[in-house]
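Residue numbers (this note's numbering), protein chains in the order written: chain S, 1 to 497; chain P, 1001 to 1497.
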């Protein structure tokens, strides 16, 4: 190919600078994770010739590293939901997701997601993804059994449960042990191959190619040390992940996540896809937001405990989803944060400890614990006495923890240190990305479409927009659904051109 | 001039599409507010030929609408600080600002600001800006007298006061009544004229012009309905304000500010400067952040009150700066927020009410107030009893309000509704913008400089980065200081080219 003046993702290449295309195809997909594989499958199934470029040496992306949970439902329910008696309405699912992600929620995108969220289950099954016909009604981050259906968000917690009929929507891929995402990706990779997609591993996308009208018409990739110019007649679909592995971008855009300690993603989550989009005038939105969690359950008995600040104040219903709790931990104006447990729950925690929080103090009385934690005298006593009085009546009028998780906390007490940055496991990833339409078309700064450019998965800003409103399975759901839609849209643009 | 293909700020124009320049100059400044006027003055004083384009029909920008307070100090103190015995150290000022704006703080930019922050006072005086030689030691948002020096941030509040020697750094322009910014801008406008700057009013910047190397070489402006092509040999300095008046951008980038109700800015704060920067590959950072305030003082006696959530919990030291309080109001996970005052403070509030909060409830006892506010029984009683016990001893170990603002709250009580979005006055503006070096040079996505482009004031992301750490006077300080630096840098680039 001709030399290109610009070879970093932050600058686009002009088509007029390319004397010869090395590859000419219909649709180019960048990234072979959940979004990229689904984009490639759908584009190929629509009749387009597809080239897929992956910087790593194997398929998988961050989807393969995930628990393999997919957040699905609505439309009367998926097959598995129905088997266990859940008739999930689209309105409930739509309104639930709107509430979770407002004020940032994208109504069109959520509607588009919900509309397909039951049939998408069948599509995945058709592609060979295994789901066991089972429902596991426990308070889990992800099943360690090979079970499928579970509550994976705030459906049964306040305030959501007061507004929408709760339904379990987490559909975990069948696999004993954690990490069902690997199984999911193995099946999607097979489907990509079966669809006849041209796959290039160790192929790093360097820059988008734009024509004189600023439409995206191709991509420069580096393969075997050489720059390869690839023309895409239909479009380029960026599925290159988020930016959780790019320390500079994190600091620049999402500094709140600084105090978390375990980035969730693959080494390729460097923001290169977002930067390529920006380089051709795409808008990046919601860049400050992220998922942050503290996996304090299992053991579920810690949910009987209370989270408190260094003022001894509670701040959340402890039966909320771990991602909501993690987000609120980051938001507290408090030098220390504790989870106060009774001895029984602490015993369970010693047996089953995912969060790695150390013991900050113990006490045979509240006063003793207060002293050990150096809390102002009386503040935790006040909190506990009020909490216990209400809990004895099965009520929590302050934070609305559900009755099943209320029992008066009796001494001796243990305080676990859940202060972000002090050792407790706090995984995180980014939720900002390119502004896209539900079709995956990338929007420019003025809201207009950048011709020929699509984004899906965490390269785009998708359905999940707030750590506070996150549910397990929504990223894999969003990646695979938006990937599919972008694949269809890019192939269809080709036909209509 | 030749026709240009692109005329919206979201797209740059290519120099090769311009057949003839209508204006050729050294430095172009966009926007005639605090930043733009200082940029123009310094560029002209450096020997550059300067054209200044302002979309409105008069000078002023948002600076003219402000209180005219400038946050200055360090270097042993300004002349006025010294007159009243404050020897302000640069280290204290630097560390204070770093603490205020971390984790987003830009160390280089803060250092650059502090270094010039005492001599900048003299520069303003030299340009004719009047400051009275006076110090007003009251808890004020801005002086309604013509006084100058005041504490305008969190200098005397916890936790800052435990780390740095407090110094008043707000320098308010001399004017009886509010709105000293008008006086400031009148003087700066005179200085711009005296410096020989070519001023164009009703001149709307449409797009930046870039050469084949993506350097900025000019600007297209619309004057009298015609597009005028202007070449800038040294550089273009964007001083076009923030985006608080652009509802779409606000929703897209800073949705947290949604519940505030009074945008602070001029109608030109549409983000057009930021968008122009993005259109040539500039990076926009900190876009989600904003200043948000609730001006609950004066009367200062409301500071004896306590802010509480719908759980009856306090959440802040009430002697904090109003901008910090406003920011924390937005962050509370609470359907209602109240300021609980005793009858004396409420009486003062009736006399001097800037915040327009309505009475949500009253009570001759705490239990009565709890019932009227429909709070869970006992929660506010607990809070008040603990608060009063400590206050009687002159202590606030939970939130560290200073002893001078502690007195036990005795019935009858009044609860003012300070819930964001429920009527109380909550002014706000944006704190995100183009990523710049202290010189005003705009950084691209990869951190490299975009040749020929500068930004200052709220078009850039400057020293103030967090609502939580905002101080009155820091925006005018930042605008005028970064404007000056950008003017000098653009003129100097010309000389070195």
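Backbone N, C-alpha and C define an ideal beta-carbon position, used for all residues, glycine too. Model, not experiment: these values are computed from the prediction.
Of the residues the options, the one placed nearest residue i, counting alpha carbons only
i: residue 1406 of chain P; options: P:1164, P:1210, P:1301; result: P:1301
i: residue 1290 of chain P; options: P:1057, P:1243, P:1412; result: P:1243
i: residue 432 of chain S; options: S:122, S:459, S:416; result: S:459
i: residue 1296 of chain P; options: P:1318, P:1253, P:1283, P:1131; result: P:1318
i: residue 1109 of chain P; options: P:1440, P:1035, P:1490, P:1176; result: P:1440
i: residue 1046 of chain P; options: P:1377, P:1197, P:1229, P:1228; result: P:1197
Residue i, DSSP secondary structure in three states
i: residue 1498 of chain P; result: Summary: the structure shown does not reach residue 1498 of chain P, with chain P confined to residues 1001 through 1497, and so no result is reported for it.
i: residue 38 of chain S; result: helix
i: residue 186 of chain S; result: helix
i: residue 288 of chain S; result: coil
i: residue 1095 of chain P; result: helix
i: residue 433 of chain S; result: strand
i: residue 1496 of chain P; result: helix
i: residue 1392 of chain P; result: helix
i: residue 50 of chain S; result: strand
i: residue 224 of chain S; result: coil
i: residue 1246 of chain P; result: coil
i: residue 302 of chain S; result: helix
i: residue 1490 of chain P; result: helix
i: residue 1192 of chain P; result: helix
i: residue 235 of chain S; result: strand
Unbroken alpha helix (DSSP H) run spanning residue i, endpoints
i: residue 213 of chain S; result: Taken as a continuous stretch (DSSP letters only), residue 213 of chain S belongs to no alpha helix (DSSP H), as it is neither H nor E.
i: residue 1115 of chain P; result: 1107-1116
i: residue 348 of chain S; result: 343-351
i: residue 121 of chain S; result: 119-126
i: residue 1325 of chain P; result: 1322-1331
i: residue 296 of chain S; result: Premise fails: residue 296 of chain S is in no alpha helix (DSSP H) and is neither H nor E.
i: residue 1372 of chain P; result: 1366-1372
i: residue 1400 of chain P; result: Looking at the DSSP string, residue 1400 of chain P is not in any alpha helix (DSSP H), and its letter there is neither H nor E.
i: residue 1162 of chain P; result: 1160-1163
i: residue 1363 of chain P; result: Not the alpha helix (DSSP H): residue 1363 of chain P falls in the beta strand (DSSP E), residues 1359-1363.
Status (buried if at least 16 other CB within 10 Å, exposed otherwise) for residue i
i: residue 485 of chain S; result: buried
i: residue 1213 of chain P; result: exposed
i: residue 75 of chain S; result: buried
i: residue 1342 of chain P; result: buried
i: residue 1292 of chain P; result: buried
i: residue 436 of chain S; result: buried
i: residue 7 of chain S; result: Here residue 7 of chain S scores only 38 on pLDDT, less than 50, and its place in the model should not be relied on; the value that follows carries that caveat. With fewer than 16 other Cβ atoms within 10 Å, it is exposed.
i: residue 1058 of chain P; result: exposed
i: residue 1082 of chain P; result: exposed
i: residue 519 of chain S; result: For chain S, the structure presents residues 1 to 497; residue 519 of chain S sits outside this window and is missing.
i: residue 421 of chain S; result: exposed
i: residue 154 of chain S; result: buried
i: residue 1365 of chain P; result: exposed
i: residue 279 of chain S; result: buried
i: residue 1320 of chain P; result: buried
i: residue 192 of chain S; result: buried
i: residue 1176 of chain P; result: exposed
i: residue 1479 of chain P; result: buried
Minimum Cβ-Cβ distance from residue i to chain S less than 8 Å
i: residue 1379 of chain P; result: yes
i: residue 1101 of chain P; result: no
i: residue 1333 of chain P; result: yes
i: residue 1398 of chain P; result: yes
i: residue 1464 of chain P; result: no
i: residue 1562 of chain P; result: The requested residue 1562 of chain P is not part of the displayed model; chain P covers only 1001 to 1497.
i: residue 1106 of chain P; result: no
First through last residue of the beta strand (DSSP E) which encompasses residue i
i: residue 1309 of chain P; result: 1306-1309
i: residue 264 of chain S; result: Run containing residue 264 of chain S: none; DSSP gives neither H nor E here.
i: residue 1453 of chain P; result: 1449-1455
i: residue 416 of chain S; result: 413-417
Cβ of residue i within 8 Å of any chain P Cβ
i: residue 219 of chain S; result: no
i: residue 358 of chain S; result: no
i: residue 453 of chain S; result: no
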